[in-house]
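Student: In our numbering, the protein residues as written are 1 to 908.
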């Protein structure tokens, strides 16, 4: 067995000044317990660090640790020769709300006037107010008259509409800032110049693809695949210009998206309902379901030959078509819809038992029979997908690295940037080869297990291992447990056998676990979840003479609707009870690997530890082991798109053990809809009795760390998930200030140094092996090896960021996590922060694999996802019916977690 010392990064740099003065505690016993001296908060002190203009942390150098190798990245070097970009404002009269129409107007203007008034310039337009040219136009302000042809309902032909377009010079778009950034100087992001190049490269493709933000989709990229429920998946690509160390880079990635199938509306309705609708009338429930699915969808009429007028559906009639009448004229002469279509168009309505589609405005409603309409192609589906549709979409989009790389290169070839007239006009040339980048594969950390197991220490191979011959390092004790069976198909004897096997696995894993439940296994109906939980909880307390039940095992049906969420809400916010849910399919087919993973989850939920980094126990982790260090993870999850009534949920977790940094307590809170800044990090309010009072998640977790370890944290490392690049400054400014204030509220002079790292998974950089056939440079799935880190060439020109692929691939192409160190008062070297982050990925509690995102950020995501179940179902439904946005009024707080729950890893 190799000495773990070989794999340790030594701290070669001095600690930041606030830390240098502190005594370095090499053993916990050497550190005297410290108390917080609470006094009133000095607001000037709290904000001092963040009141000045923040500047993102600069790269301290490049990492050297690990085995060097070459990888390819889906970045293509872009060369820009143009030096003069001009920005013009566009005003169209009468005002146009459709971007498509706006673009058509400007395209017509350019077609007619390019060789005259526009001095042969080929401009680009964003569909709003912005119009860009390479160089100046021969005027500063000019009005144009543009005539556009469109369908005319009255004449069955086309009609011409005239628009006035004013183009007015706004500003020069500076290229100096961009050049300074690319040369490594610290400047503000030259966003406008980057936006112009993004628009230029998208302009031509958008004419033949469906453009959605930076994504472009077409049914011709690959044959669409049906997802069920009237949906299909389209293939497309993402493209974006990014400033990198190698210069400007075009990032291209493949993508899949759900679109509404261009079906006749009757066929779409049949798919939505999962039944034939040609003969039987619809029920009220069917009508509600159809109305929800069709509202906002664009259709074209099919009953008028080649004249295919398009409409957007606003609703559905409550009566069948055969009962519908409407006024023909102002004299209120009434006509039935059936007669009107027969007389006006010679169209016989066959399915008059179905309702009509309502199109147009509320003032002038038009009725269209379903059978006379077809869904327009190319409409993205924006509502939530069901599980079956998600599975189908993932299957469609899942590609091995070799295939994904080939598709990216093929997309580059099809886009043919060399012959793109817009790229030529703006002096952009794109390299056709993937960027070749130097990477390093960081060594895995040694893991410590319990000394009573045969394998006390273990070095993981290729990011995965198992619990064979190992026992958890700190086994929890479960004396009092019970089981509720909510699955009708599981007999009591089967449930009993499963529980015995699970108990046995927990014991083998190193836990103390009572053989028998406190009360016999209780069977209950899923719709009686609250009643069953209260009964089992009180029956167990009666049997135990007032002692608390410690663990509930719940057997759930495979398709259990709201049962899982209801059970978690009641257990964690009402009863203060830790629960472990198991699906019926796992109860029938008992798999030892499954039982081992469940045992790991139960152990940490009950307050145990599964494994610890060996270097943590031997006090050898730079900038963690020297002084009491707390590691935070934070995330905000937002409601699904199209769901605009629910609040966002913020979660913060923090390590509660030092030097092990393995146990994380978690807190959650609701906040306004789509709000990204975490509102509850720090709070102060006036209490009539106690005066100024302080609270918030950071403060509470600092206090719980102090309670658990006997030390106050002297260093803070904060991993923040889910922040887009455009929000970096805002999030850092607000949340760093909240951390400062939370610390100062505990003790005025208490300001531990903070390292603030943003973690991103929703980016589009992919890393591929330099040679897909070299088995030594890939894992079983064909992906790059776990531990691969890149901090050069495709990374930011001056700021401190890196890509880390810390996990082994399972299927598809692995996505590395992108870490951006925005603020660092602890002076981490590149090796130190990269090594710490990679090593922490091996301590994730729920499985024996290194994970793709640093565990504190992962745990925060799990806690935020769990808290969505805490919202009372009736409140969610009322908001949906009202359609109110949470930002408009106060957010109803989530029910509080019980003390017994929030100090353990309940979210695992």
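C-beta: ideal position from N, C-alpha, C; glycine also. Note that this is a predicted model, so its numbers are computed, not measured.
Label residue 499 either buried or exposed according to how many other C-beta atoms from any shown protein chain fall within 10 Å of its C-beta, with 16 as the threshold for buried.
Tutor: Looking up residue 499 in the chain shown gives position 499. Counting Cβ neighbours within 10 Å, residue 499 comes out buried, since at least 16 surround it.
Student: Given 8 Å as the limit, is there contact between the stretch 89-103 and the stretch 128-137, that is, 3 or more CB pairs closer than that?
Tutor: Taking 8 Å as the limit for Cβ pairs, the verdict is that the stretch 128-137 does touch the stretch 89-103.
Student: Look up residue 463 in the DSSP assignment and say whether it is helix, strand or coil.
Tutor: Numbered from 1 along the chain shown, position 463 holds the residue referred to as residue 463. Residue state, collapsed to three classes: coil.
Student: How is residue 807 classed by DSSP in three states: helix, strand or coil?
Tutor: For the purposes of this step, residue 807 is identified with residue 807 of the chain shown, where counting begins at 1. Residue state, collapsed to three classes: coil.
Student: What distance in whole Å lies between the Cβ atoms of residue 703 and residue 738, which are believed to be in contact at a cut-off of 8 Å?
Tutor: By one-based count along the chain shown, residue 738 stands at place 738. By one-based count along the chain shown, residue 703 stands at place 703. Between residue 703 and residue 738 the Cβ distance is about 15 Å, and since that is not below 8 Å, they are no contact.
Student: Take the Cβ of residue 235 as the centre, count every other Cβ of all protein chains shown within 10 Å, and call the residue buried at 16 or more, exposed below.
Tutor: Looking up residue 235 in the chain shown gives position 235. It counts as buried.
Student: Could you give the first and the last residue of the continuous alpha helix (DSSP H) run that contains residue 374?
Tutor: For the purposes of this step, residue 374 is taken as the residue at position 374 of the chain shown. Run containing residue 374: none in the alpha helix (DSSP H); it sits in the beta strand (DSSP E), 373-375.
Student: Are the Cβ atoms of residue 580 and residue 602 separated by less than 7 Å?
Tutor: As a first step, residue 580 must be located in the chain shown, where it is residue number 580. As a first step, residue 602 must be located in the chain shown, where it is residue number 602. Cβ distance < 7 Å, so residue 580 and residue 602 count as in contact.
Student: Flag this pair as yes or no: are the beta carbons of residue 829 and residue 184 separated by less than 7 Å?
Tutor: Position 829 of the chain shown, counting from 1, holds the residue named residue 829. Position 184 of the chain shown, counting from 1, holds the residue named residue 184. Not a contact, by the Cβ cut-off of 7 Å.
Student: Quick one: residues in its chain with C-beta nearer than 6 Å to the C-beta of residue 347, no 5 flanking neighbours on either side, listed in chain order?
Tutor: The sequence position of residue 347 within the chain shown is 347, counting from 1. 303 and 341.
Student: Bridge partners of residue 257, per DSSP?
Tutor: Walking along the chain shown from the start, residue 257 turns up at place 257. Its beta-bridge partners are 234.
Student: What residues in its chain sit with their C-beta under 8 Å from that of residue 769, if we drop five residues either side in the sequence?
Tutor: Position 769 of the chain shown, counting from 1, holds the residue named residue 769. 71, 72, 401, 777, 778, 782, 783 and 784, listed in sequence order.
Student: Can you tell me whether residue 425 is buried or exposed, with buried defined as 16 or more other CB within 10 angstroms of its CB?
Tutor: Counting from one through the chain shown, the residue named residue 425 turns up at place 425. Classification for residue 425: buried.
Student: Do the CB positions of residue 431 and residue 77 come within less than 7 Å of each other?
Tutor: Within the chain shown, the letter at position 431 stands for residue 431. Within the chain shown, the letter at position 77 stands for residue 77. Yes, the Cβ-Cβ distance between residue 431 and residue 77 is below 7 Å.
Student: Within 10 angstroms of its Cβ, does residue 471 collect 16 or more other Cβ (buried), or is it exposed?
Tutor: Residue numbering aside, residue 471 sits at position 471 when the chain shown is read from its first letter. Classification of residue 471: buried, given that the 10 Å Cβ count is 16 or more.
Student: Between residue 231 and residue 258, is the Cβ-Cβ spacing less than 7 Å?
Tutor: Taking the chain shown and counting its residues from 1, the one referred to as residue 231 is at position 231. Taking the chain shown and counting its residues from 1, the one referred to as residue 258 is at position 258. The answer is yes: Cβ separation under 7 Å.
Student: Could you tell me which residues DSSP puts in a beta bridge with residue 93?
Tutor: Position 93 of the chain shown, counted from the first residue, corresponds to residue 93. In DSSP, residue 93 forms a bridge with 164.
Student: Going by the CB atoms, is the gap between residue 647 and residue 891 shorter than 7 Å?
Tutor: Position 891 of the chain shown holds residue 891. Position 647 of the chain shown holds residue 647. It is a contact, given that the beta carbons lie within the stated cut-off.
Student: Quick check on residue 286 - is its C-beta less than 7 Å from some C-beta in chain D?
Tutor: Absent from the structure is chain D; it holds one protein chain and no more.
Student: Jot down the residue ranges of each uninterrupted alpha helix (DSSP H) in the stretch 719-778, minimum 4 residues, whole runs only, in chain order.
Tutor: 728-746
Student: Express the C-alpha separation of residue 261 and residue 268 in angstroms, rounding to a whole number.
Tutor: Counted from its first residue, the chain shown places residue 268 at position 268. Counted from its first residue, the chain shown places residue 261 at position 261. One C-alpha to the other measures close to 8 Å.
Student: In chain order, what residues of the same chain lie with their CB nearer than 7 Å to the CB of residue 863, ignoring the 5 residues before and after it?
Tutor: Translated into the one-based positions of the chain shown, residue 863 becomes position 863. Excluding positions up to five away in sequence, the list reads 651, 653, 666, 668 and 907.
Student: Should residue 279 be labelled buried (16 or more other beta-carbon atoms within 10 Å of its own) or exposed?
Tutor: For the purposes of this step, residue 279 is taken as residue 279 along the chain shown, with counting starting at 1. By the neighbour-count rule (16 or more Cβ atoms within 10 Å), residue 279 is not buried but exposed.
Student: So, residue 800 versus residue 789, is the Cβ gap smaller than 7 Å?
Tutor: Looking up residue 800 in the chain shown gives position 800. Looking up residue 789 in the chain shown gives position 789. The beta carbons of residue 800 and residue 789 sit no closer together than 7 Å.
Student: Just verifying my parser: in three-state terms, what is the DSSP assignment at residue 905?
Tutor: Translated into positions along the chain shown, residue 905 becomes position 905. In this structure, residue 905 counts as coil in the three-state DSSP scheme.
Student: How many angstroms separate the CA atom of residue 451 from the CA atom of residue 741?
Tutor: Residue numbering aside, residue 451 sits at position 451 when the chain shown is read from its first letter. Residue numbering aside, residue 741 sits at position 741 when the chain shown is read from its first letter. Cα to Cα, the separation comes out at about 43 Å.
Student: What's the C-alpha gap between residue 724 and residue 114?
Tutor: For the purposes of this step, residue 724 is identified with residue 724 of the chain shown, where counting begins at 1. For the purposes of this step, residue 114 is identified with residue 114 of the chain shown, where counting begins at 1. Whole-angstrom Cα-Cα distance: 38 Å.
Student: Return helix, strand or coil for residue 897, following the three-state DSSP convention.
Tutor: To locate residue 897, count along the chain shown from 1; it is residue 897. Note: residue 897 maps to coil in three-state DSSP.
Student: Label residue 591 either buried or exposed according to how many other C-beta atoms from any shown protein chain fall within 10 Å of its C-beta, with 16 as the threshold for buried.
Tutor: Here residue 591 corresponds to residue number 591 of the chain shown, with the count starting at 1. Exposed.
Student: What does DSSP give as the partner residue(s) for residue 632 in the beta ladder?
Tutor: Indexing the chain shown from 1 puts residue 632 at position 632. According to DSSP, residue 632 bridges with 654 and 718.
Student: Does DSSP put residue 552 in a helix, a strand or coil?
Tutor: Position 552 of the chain shown, counted from the first residue, corresponds to residue 552. Here residue 552 sits in strand by DSSP.
Student: Give the range of the alpha helix (DSSP H) segment to which residue 910 is assigned.
Tutor: No statement about residue 910 is possible, as the shown extent of the chain runs from 1 to 908 and does not include it.
Student: Residues in the same chain with beta-carbon distance under 6 Å from residue 886, minus the five sequence neighbours each way, listed in chain order, please.
Tutor: For the purposes of this step, residue 886 is identified with residue 886 of the chain shown, where counting begins at 1. Per-residue confidence for residue 886 stands at a pLDDT of 44, beneath the threshold of 50, marking its modelled position as unreliable; no derived number is given.
Student: Just the C-alpha distance for residue 679 and residue 249, rounded to the nearest angstrom, thanks.
Tutor: Here residue 679 refers to the residue found at position 679 when the chain shown is read from its first residue. Here residue 249 refers to the residue found at position 249 when the chain shown is read from its first residue. Those two C-alpha atoms are separated by around 36 Å.
Student: Sorted by chain position, which residues of the same chain lie with C-beta nearer than 8 Å to residue 693's C-beta, five sequence neighbours on each side aside?
Tutor: Within the chain shown, residue 693 is the residue found at index 693, counting from 1. Within the same chain, residue 693 has close Cβ partners 684, 685, 686 and 687.
Student: Quick check on residue 435: buried or exposed, where buried means 16 or more other Cβ atoms within 10 Å of its Cβ?
Tutor: In the chain shown, counting from the first residue as 1, residue 435 sits at position 435. Buried, since its Cβ has 16 or more Cβ neighbours within 10 Å.
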